[in-house]
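Q: Below you'll find the structure I mean.
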Amino acid sequence: MSYIEPAPIKDRENPFESMMSRFKIASQILGLDDEVYNVLKTPAKQVIVSLPITMDDGSINVFEGYRVIHSNILGPSKGGVRFDLGVNLDEMKALAAWMTWKCAVVDIPFGGAKGGICCDPKEMSPGEIERLVRIYTLNMIDIFGPDRDIPAPDMGSGPREMAWMMDEYSRAHGMTINSMVTGKPLVLGGSLGRVEATGRGVMVSTLSGMEKLKINPYNATCVVQGFGNVGSYAALLLEERGVKVVAISDFSGACYNAEGINIKEAIRYRDQNEGILSGLPDCEPIDPEEILFMEVDVLVPAATEDVITVKNADKINTKLIVEGANGPTSAKADSIINNKGIVVVPDILANAGGVTVSYFEWVQNRLGYKWTRERVNRRSDRIMKEAFRRVFKAAKEYSVSMRIAAYIVAIDKVAQTYKFRGGF
Ligand code: NAD
């Protein structure tokens, strides 16, 4: 079996490159043979479409749209659709693989995919975006489907775009098919609990990690970098469970209070302050970089990728890192962090609460029934705890970090499924 390498990613600290290097380590530890390894690193399908739309000024612009399905061996593929000028095929391939491992680690019956349109939605009117979403959906009519490939929001897209996708797909089929997409508005079949799901999964992962490290949440301190969807819910839910959140940050700055920040108030302040934390009362403003180096029990990076790198990993001063963001730690920083004895709950496990509740949205749509928030939370907590347990066990069994263990668990599941299904 031959395989042509995708164009190498040039930036060595690139998060996708980091993901591939960990994938390689885990595959070697598992003793995966070359053939399975090559199958797993090759996307199953790559689609590029040309999307001409009429702009508001009457001109016609042609955009490029992508959908990469990395694997559909565990079930229909799942992954967001990104609206961003940086969208390109290599990025789609890497993100699609990432989704495969994330779904496998929490043991939900989905494969991994990613889509995107190279555009700048901030420069487009709602009408232009709607036309773009609709033509993208029509072009993907044979790719998407509740049993084939299920899109979701990603950078630059949200419930509004998902509603248009669902509508266009449904029109083409002459019936309402809301299970073809997740992240829809509640009224169209979105799930209760989805908004807070990723932060909630981070909270569950943090408490599970603390239990292993014998840290009592009521005596624990924590800092959270990033105060958007993931960071603010993670902070709020941790605070509710007794953890003292002493510092939080966003792109506007960082705030510190040794007695613990009132997170509910911080969220209220952010929402009334154009979405930013700057000027938060009862807090001391601190250097945003410093938040990573504070001496606390738990650090939750929940902002963006590549914030812990070889340049600063040595200064990290915590017992537990729980990765709310995707790819916050570069692969080169892993060994520094591991040598310091810091336990890391990796992104593909810690932030998988979101995709888990997206799965529940799909299940509810297919059942034609709505679950209560309590049921959604209870079931997602159970999935997250069980995934943590499996990864922790693998870490002990193979004497590796939880990050490599998470890849081992995920790759093993996908590889075994390939082997049983056969067909090559
Ligand atoms: P968001 O846009 O709601 O929030 C991002 C937050 O990070 C904002 O507060 C922003 O100000 C802050 N930020 C950005 N750059 C920063 C920096 N350099 N330093 C400090 N703060 C910074 O995004 P989100 O949905 O919360 O996603 C955060 C991360 O979690 C991303 O990596 C995303 O891919 C990942 N993630 C999100 C979900 C989800 O369900 N939302 C699921 C899985 C993973």
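Sequential numbering from 16 applies to the sequence shown in the working numbering. From the three backbone atoms N, C-alpha and C, an ideal C-beta is built for every residue, glycine too.
Are Pro161 and Gly198 touching if we call contact CB-CB under 8 angstroms?
A: No, the Cβ-Cβ distance between Pro161 and Gly198 is not below 8 angstroms.
Q: Could you check where the alpha helix (DSSP H) with Tyr184 kicks off and where it finishes?
A: Segment 174 to 188, the alpha helix (DSSP H) holding Tyr184.
Q: Going by the beta-carbon positions, is the gap between Ala111 and Ala128 smaller than 8 angstroms?
A: In contact: Ala111 and Ala128 (Cβ atoms closer than 8 angstroms).
Q: Would you kindly work out how many angstroms separate the C-alpha atoms of Tyr81 and Gly368, rounded to a whole number?
A: Near 26 angstroms, if we compare the C-alpha coordinates of Gly368 and Tyr81.
Q: Grab the span of the alpha helix (DSSP H) containing Phe375 for me, first residue to last.
A: 368 to 382 is the span of the alpha helix (DSSP H), which, as asked, contains Phe375.
Q: Leaving out the 5 sequence neighbours to the left and right, which residues in its chain are closer than 6 angstroms to Glu345 when beta-carbon positions are compared?
A: For clarity, residue 345 is Ser in the given sequence; the question names Glu instead. Taken in chain order, the residues that qualify are Glu28, Ser33, Asp321, Thr324.
Q: Is Asp265 near the ligand NAD, going by C-beta to nearest heavy atom under 7 angstroms?
A: Yes, Cβ of Asp265 sits closer than 7 angstroms to a heavy atom of the ligand NAD.
Q: On a Cα-Cα basis, can you pick out the residue from Glu106, Ala409, Asp396 that is closest to Arg215?
A: The shortest Cα separation from Arg215 among Glu106, Ala409, Asp396 belongs to Asp396.
Q: Starting from the C-beta of Ile301, find all residues in its chain whose C-beta is less than 6 angstroms away, skip the five residues before and the five after it, and write them out in chain order.
A: Here the set comprises Ala269, Tyr271.
Q: Once DSSP output is grouped into helix, strand and coil, what is the label at Phe159?
A: Three-state DSSP puts Phe159 in coil, outside helix and strand.
Q: In or out: Met417 buried (at least 16 other Cβ within 10 Å) or exposed?
A: Burial call: buried.
Q: Is Ser36 helix, strand or coil when you go by DSSP?
A: Residue state, collapsed to three classes: helix.
Q: So does Asn392 have its beta carbon nearer than 7 angstroms to some heavy atom of the ligand NAD?
A: No, the beta carbon of Asn392 sits no closer than 7 angstroms to any heavy atom of the ligand NAD.
Q: Here's a check: name, in chain order, each residue in its chain whose Cβ is nearer than 7 angstroms to the Cβ of Leu89, leaving out the five neighbours to either side.
A: Hits under 7 angstroms: Cys118, Ala119, Pro124, Phe125, Gly126, Val429, Thr432.
Q: Does at least one heavy atom of the ligand NAD sit under 7 angstroms from the Cβ of Thr221?
A: No - the ligand NAD has no heavy atom lying nearer than 7 angstroms to the Cβ of Thr221.
Q: Ile291 to Val239, Cα distance in whole Å?
A: Looking at the two C-alpha atoms, the distance is approximately 15 angstroms.
Q: So, for Ala22: in the same chain, excluding its five sequence neighbours on each side, which residues have a beta-carbon less than 7 angstroms away from its beta-carbon?
A: Because Ala22 carries a pLDDT of 41, less than 50, the predicted location of this residue cannot be relied on, and no value is offered for it.
Q: Starting from the Cα of Pro441, find the closest Cα among Asp157, Val202, Met190, Arg186 and give me that residue.
A: Not covered by the structure: residue 441. The range shown for the chain is 16 to 439.
Q: Specify the secondary structure class of Glu255 as computed by DSSP and reduced to three states.
A: Helix at Glu255.
Q: Grab the span of the alpha helix (DSSP H) containing Asn353 for me, first residue to last.
A: First-last of the alpha helix (DSSP H) with Asn353: 346 to 354.
Q: By the DSSP assignment, the beta strand (DSSP E) with Glu299 in it spans what residues?
A: Per DSSP, Glu299 belongs to the beta strand (DSSP E) from 299 to 301.
Q: Under a Cβ-count criterion, where at least 16 other Cβ atoms within 10 Å of its own Cβ denotes burial, should Gly339 be classed as buried or exposed?
A: Label assigned to Gly339: buried.
Q: For the beta strand (DSSP E) holding Asp71, just list the boundary residues, first then last.
A: First-last for Asp71: undefined, no H or E at that position.
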